[in-house]
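Numbering (the numbering used here), first residue to last: 10 to 443. Below is one structure; the comments refer to it alone.
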Amino acid sequence: MIYDGRLPILMVTDLEMIKVIMVKECYSNFINRRKRTTGLAGPFADGIIMVQDERWKRMRSTLSPYFTSGRLKEIFPIAVTHADRFIKNMQKKDHEQPVKVKEVVGPYSLDVVTSSSFSVDIDSINKADDPFVTNVKKFIQFNMFNPLFLLILLFPSIAIILKKMGVTLFSKSAMDFFYSAVKKIKDEHNKESDGRVDFLQLMLQNQIPGDHFGDTDEQPAKGLTDHEILSQSLVFILGGYETTSTTLTFLLYNLATNPDCLEKLVEEIDTNFPPDTPITYDALMKMDYLEMAINESMRLLPTAPRLERSSKKTVEINGVTIPKDTLVGIPTYVLCRDPQLWESPDEFRPERFSPESKSVINQYAFLPFGLGPRNCIGMRFALMIMKILVVKLLQNFSVETCKETQIPLEMNAAFQPKVPITLKFIPRSHKAKQ
Numbered sequence: 010m011i012y013d014g015r016l017p018i019l020m021v022t023d024l025e026m027i028k029v030i031m032v033k034e035c036y037s038n039f040i041n042r043r044k045r046t047t048g049l050a051g052p053f054a055d056g057i058i059m060v061q062d063e064r065w066k067r068m069r070s071t072l073s074p075y076f077t078s079g080r081l082k083e084i085f086p087i088a089v090t091h092a093d094r095f096i097k098n099m100q101k102k103d104h105e106q107p108v109k110v111k112e113v114v115g116p117y118s119l120d121v122v123t124s125s126s127f128s129v130d131i132d133s134i135n136k137a138d139d140p141f142v143t144n145v146k147k148f149i150q151f152n153m154f155n156p157l158f159l160l161i162l163l164f165p166s167i168a169i170i171l172k173k174m175g176v177t178l179f180s181k182s183a184m185d186f187f188y189s190a191v192k193k194i195k196d197e198h199n200k201e202s203d204g205r206v207d208f209l210q211l212m213l214q215n216q217i218p219g220d221h222f223g224d225t226d227e228q229p230a231k232g233l234t235d236h237e238i239l240s241q242s243l244v245f246i247l248g249g250y251e252t253t254s255t256t257l258t259f260l261l262y263n264l265a266t267n268p269d270c271l272e273k274l275v276e277e278i279d280t281n282f283p284p285d286t287p288i289t290y291d292a293l294m295k296m297d298y299l300e301m302a303i304n305e306s307m308r309l310l311p312t313a314p315r316l317e318r319s320s321k322k323t324v325e326i327n328g329v330t331i332p333k334d335t336l337v338g339i340p341t342y343v344l345c346r347d348p349q350l351w352e353s354p355d356e357f358r359p360e361r362f363s364p365e366s367k368s369v370i371n372q373y374a375f376l377p378f379g380l381g382p383r384n385c386i387g388m389r390f391a392l393m394i395m396k397i398l399v400v401k402l403l404q405n406f407s408v409e410t411c412k413e414t415q416i417p418l419e420m421n422a423a424f425q426p427k428v429p430i431t432l433k434f435i436p437r438s439h440k441a442k443q
């Protein structure tokens, strides 16, 4: 048992218990995550990542059709277009200068998410001062040592008072910007759908009357209210930007610091996509080493170092009694570094995820996107847009460490690098001449 402020959390590392919590008894007992004070959650209050019980089931069934293989194939050329734009932008840079990786891959993530979600091209790759970019950065600047956050941790009941005062944990100006921007885009979609297949159009096709449904209220089978549509839009923008750009940054760091692995990946890319060969969805999904490298990077540096579920009733699992309303934590980072589960766990070894070796990995020890019914709904979307960028990038550049690269990487309390990950991107045409 550990404490998050004054909140006790039962930390579980037993894989059989994790299986029960995440899969077997997910619907019956562990469907919900931590219950938060929604008034302080800003736009996430009505988002799929926060809602509970029947309301979550309704949202999940409504949104899942957007992430099928068919939908992803429709999004694929959009992502390729933005990856090409990213490459052109990188080619203009001074290649002797080190690059803060997240600052360049973040705009790609944001552009793909906004284009595929709303059919809006903000081109943040070339417009670093675009309001979308500046407000995203403002929104995700979350400080664990913020006095307000610490106050709520130590005195949870004060959150009710803060809610009535209109206080949130997020930047009000950024929240106002996004609500206004998404509402404007939504109004334009309502006026003219013109065959769009984007995320927002799917939600508008499933809009239902009403302003609010409680988590345990009787729910329609599918559909989203007006405010829920706004909330999902913001969750998708902010979640898609932050987690994807962070995962890409960690992956490029791991490849640059393990040049033998980088060489194997470049060889696979060159074999599958020779010069002037277009990238196709089906060919990309068959690239084994690329998938192995991404998985191994997510094992070493997961973007979510802990998963949480709340017990709806008292239950006994493997002889351990979990009382009703207990918050259960699953420390994914700890599991991924456990020497009993992984050989040489601190080493970057993509081969452990090879088709031959993958079968020996216990799926409950590797949870980069969660597991079970409440796993990450955008998992396949995120993997697809990451793979596209990595292929395009390594077709054109060699990724190298430099004197500014911190080795080994040091993380802060929020599990973010203490020093921004910095690498060099050398055009492969230059390398060939050397």
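All C-beta atoms, glycine included, are put in the ideal place defined by N, C-alpha and C.
Nearest candidate by alpha-carbon position, reference residue i, set the options
i	options	result
P283	S37, T234, I30, L403	L403
I84	F208, F95, S306, G223	F208
G79	K401, I430, R389	R389
I131	A183, S70, I194	I194
S366	K97, Y298, P417	Y298
I278	S133, E300, P426	E300
I288	P74, I57, D93, T22	D93
I370	V121, L271, N304	N304
L211	V108, L19, Y75, D269	Y75
R346	V337, P311, K146, S319	P311
P116	M420, I394, F406, S407	I394
S126	P268, G248, M20	G248
Residue i, buried or exposed, once every other Cβ within 10 Å from all chains shown has been counted against 16
i	result
V399	buried
L16	exposed
I170	exposed
C411	exposed
S254	buried
Y290	buried
M26	buried
A423	exposed
G14	exposed
T286	exposed
S240	buried
G428	Per the sequence presented here, residue 428 reads as Val, with Gly not at that position. The residue is exposed, with fewer than 16 neighbouring Cβ atoms inside 10 Å.
G223	exposed
Contact under 8 Å by Cβ, residue i with residue j
i	j	result
I217	L233	yes
N38	V324	yes
V32	I326	no
F95	T123	no
A54	I397	no
G306	L260	Residue 306 is actually Ser in this sequence, not Gly. Yes, the Cβ-Cβ distance between S306 and L260 is below 8 Å.
T258	V110	yes
Y250	L350	no
Identified DSSP bridge partners for residue i
i	result
M59	The partner list for M59 (beta bridge, DSSP) is empty, contrary to what the question assumes.
N41	S319
L432	V108
I238	Answer by DSSP bridge pairing: none, since I238 is not bridged.
T252	T252 pairs with nothing; no bridge assigned.
M184	Paired residue(s): none; M184 is not in a bridge.
G14	BP columns for G14 are empty, so no partner.
M20	G338
E325	T330
Q214	Bridge partners of Q214: none, in fact.
L233	Q216
Length at least 4, wholly inside the segment 355-426: the alpha helix (DSSP H) runs in chain order | The qualifying runs are 388-405.
Just list the alpha helix (DSSP H) runs in the segment 268-295, keeping only unbroken ones of 4 residues or longer that don't cross its boundaries, in chain order.
-> For the segment 268-295, whole alpha helix (DSSP H) runs of length 4 or above, ordered along the chain, are 268-281, 290-294.
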